[in-house]
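Sequences listed follow chains A and B, in order. Last residue of the first sequence: 179 (numbering that gives the first Met the number 0), numbering continuous. Last residue of the second sequence: 179 (numbering that gives the first Met the number 0), numbering continuous. Don't be surprised by glycine CBs; every beta carbon is placed ideally from N, CA and C. Computed from a prediction, not measured in an experiment: that's the story for all the values here.
Number of protein chains: 2
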Amino acid sequence: MAREMIRQGGRSARIQAEVHRAVGLLLSKMDRSALTVPMIADEAGVPPSTIYRRWGDLSDVLADVAIARMRPVAEPDDTGALRSDLETFILQYAEEMSSKVGRQMLLDVLSGATDSAPYKCCQFTYCHLETLNARAMSRGEALLDIPAVIDGVVAPIVYHILFADREIEPDYCRALLARL
Amino acid sequence: MAREMIRQGGRSARIQAEVHRAVGLLLSKMDRSALTVPMIADEAGVPPSTIYRRWGDLSDVLADVAIARMRPVAEPDDTGALRSDLETFILQYAEEMSSKVGRQMLLDVLSGATDSAPYKCCQFTYCHLETLNARAMSRGEALLDIPAVIDGVVAPIVYHILFADREIEPDYCRALLARL
DNA sequence: ATCTAAATGCAAATATATTGCATTAATCGG
DNA sequence: CCGATTAATGCAATATATTTGCATTTAGAT
Chain A
0 MAREMIRQGG RSARIQAEVH RAVGLLLSKM DRSALTVPMI ADEAGVPPST
50 IYRRWGDLSD VLADVAIARM RPVAEPDDTG ALRSDLETFI LQYAEEMSSK
100 VGRQMLLDVL SGATDSAPYK CCQFTYCHLE TLNARAMSRG EALLDIPAVI
150 DGVVAPIVYH ILFADREIEP DYCRALLARL
Chain B
0 MAREMIRQGG RSARIQAEVH RAVGLLLSKM DRSALTVPMI ADEAGVPPST
50 IYRRWGDLSD VLADVAIARM RPVAEPDDTG ALRSDLETFI LQYAEEMSSK
100 VGRQMLLDVL SGATDSAPYK CCQFTYCHLE TLNARAMSRG EALLDIPAVI
150 DGVVAPIVYH ILFADREIEP DYCRALLARL
């Protein structure tokens with residue numbers, strides 16, 4: 000349903016913020032699988048029908064919240080060299096996503112009805128890497144082959160998080176990086 | 000809920016089969032997002048409560064059906080050499096999973112309440128590759144590094160299918176294989 | 001300030017999910 | 001093969017969630 004609001008101001012924005020806050024609060028107190036739309040509505044102080052109309056269903060609300068939470072709030076750390084910038088970013092990414100809530104956020108983004116959400120989500124990663132490249136460029140370093148980093152490092156990490164077939168330790172991430 | 004039946008025979012097995020058949024039929028006729036448990040129950044000729052009790056909820060039923068459909072029914076094709084065996088398998092895997100229903104099956108398996116389903120699902124791939132290795136061994140060929148194939152080929156394919164950030168063409172798959 | 005249509009709130013109607021209890025039938029021990 | 005045991009089912013009642021029509025509010029534009 001409506002990801003982009005047609006009306007930006009006042010009440011509409013307030014409800015969006017309240018719903019996001021409510022979901023965040025509830026997720027911190029209870030299991031995701033127990034969450035319901037009426038619950039969120041109650042916590043946010045709006046009638047359930049408002050949520051159903053604006054978002055569609057529970058999975059859409061959760062996808063919307065998840066992508067909002069994944070949106071980068073700050074520039075990636077500047078460690079002085081591309082190689083360490085990349086390692087820092089990858090280790091942080093792996094740590095965030097391999098937690099229970101991280102994996103669930105990924106699944107929420109992927110399972111929502113909004114076709115563009117998964118694409119947006121991986122664009123966040125892409126943009127991060129472009130920032131590292133821009134920095135490297137200003138330092139005169141060789142640049143990353145971004146698709147190669149995605150395929151060779153990010154993809155295996157995400158794969159093993161989603162399929163839960165191995166732990167994601169820092170050493171494993173470093174080994175993937177070393178293969179580049 | 001109950002993935003493994005305690006009672007294997009007669010009615011119980013018949014209901015399981017009927018529910019799987021019903022889901023398959025309905026999925027071929029309508030959109031996944033429109034599917035409901037009462038609908039499946041009606042098509043399968045059982046009361047909805049039976050489905051709720053045995054599986055839990057809709058996402059569990061779909062995960063169960065998806066993993067059953069992904070379970071390999073036959074040995075992978077034998078093309079006479081490991082390299083071509085692997086290429087054949089990968090191209091086939093990519094084609095099956097990159098379709099709309101393939102992507103949805105992956106998500107159903109990953110999102111279901113059964114913790115073991117995602118693991119089982121990627122074990123199917125792992126076993127396939129082991130079969131190729133066993134064959135290669137009998138031919139006296141060098142063996143695949145299976146984790147490297149998963150990380151270097153399968154993971155990027157799955158990543159791009161799930162995040163829908165690029166088409167999965169055969170040439171792309173071949174390029175991934177070439178990097179090994 | 002006024003107008004217009006999007007967004008909301010409310011409540012009724014509908015659909016879905018849960019649960020207790022009686023019944024059926026798969027499995028086990030003889 | 002037969003009866004005993006109990007998991008699994010079917011049914012119906014109940015609780016919960018979702019959808020919808022309509023009046024009202026309000027953001028954004030003129």
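Residues near residue i in its chain [Cβ-Cβ closer than 8 Å; skip 5 each side]
i: L131(A); result: P75, L81, D84, L85, F88 and L143
i: R165(B); result: H159 and Y171
i: E140(A); result: A80 and L81
i: M38(A); result: L25
i: E95(A); result: G101
Sequence-distant residues of its chain with Cβ nearer than 6 Å to residue i (five each side left out)
i: G111(B); result: S58, D59 and A62
i: R180(B); result: Residue 180(B) lies beyond the range of chain B shown here (0 to 179); nothing can be said about it.
i: L26(B); result: none
Alpha-carbon spacing of residue i relative to residue j, whole angstroms
i: L176(A); j: L128(A); result: 14 Å
i: A174(B); j: L34(A); result: 43 Å
i: P146(A); j: R138(B); result: 36 Å
i: R20(A); j: G9(B); result: 50 Å
i: A93(A); j: A163(B); result: 20 Å
i: C126(B); j: I14(A); result: 50 Å
i: V157(B); j: A40(B); result: 32 Å
i: P108(B); j: K99(B); result: Contrary to the premise, residue 108(B) reads as Val rather than Pro in this sequence. If you take the alpha carbons of V108(B) and K99(B), they lie about 14 Å apart.
i: V64(B); j: V22(B); result: 7 Å
i: M104(B); j: R31(B); result: 10 Å
i: E42(A); j: A12(A); result: 16 Å
i: I149(A); j: P169(B); result: 19 Å
i: I50(B); j: C121(A); result: 36 Å
i: Q7(A); j: A73(A); result: 24 Å
i: M136(B); j: K28(B); result: 45 Å
Cβ separation of residue i and residue j, assumed to be a contact under 8 Å, to the nearest whole Å
i: E17(B); j: V36(B); result: Not quite, the Cβ-Cβ distance comes to about 14 Å (not below 8 Å), so this is no contact.
i: P47(B); j: A154(A); result: Contact flag wrong, Cβ pair sits at about 40 Å.
i: C172(B); j: L90(B); result: 6 Å
i: S97(B); j: I167(B); result: 4 Å
i: R134(A); j: D77(A); result: 6 Å
Coarse secondary structure for residue i, derived from DSSP in three states
i: E140(A); result: coil
i: I167(A); result: coil
i: L179(A); result: coil
i: M104(B); result: helix
i: D114(A); result: coil
i: S27(B); result: helix
i: Q122(B); result: helix
i: Q185(B); result: Here chain B comprises residues numbered 0 to 179, so residue 185(B) is not present and cannot be evaluated.
i: S98(B); result: coil
Close Cβ partners of residue i (< 7 Å) along its chain, the five nearest in sequence each way excluded
i: F123(B); result: M69, R70 and P71
i: K119(A); result: I66
i: R178(A); result: G151
i: P117(A); result: V108 and L109
Closer than 6 Å: residue i CB and nearest the ligand FMN heavy atom
i: F88(B); result: Among the ligands in the structure shown, none appear at all, so the ligand FMN cannot be discussed.
- Message: Threshold first: 4 residues or longer. Then list the alpha helix (DSSP H) segments lying entirely within the segment 33 to 92 of chain A, N to C.
- Response: 36 to 43, 47 to 54 and 57 to 69
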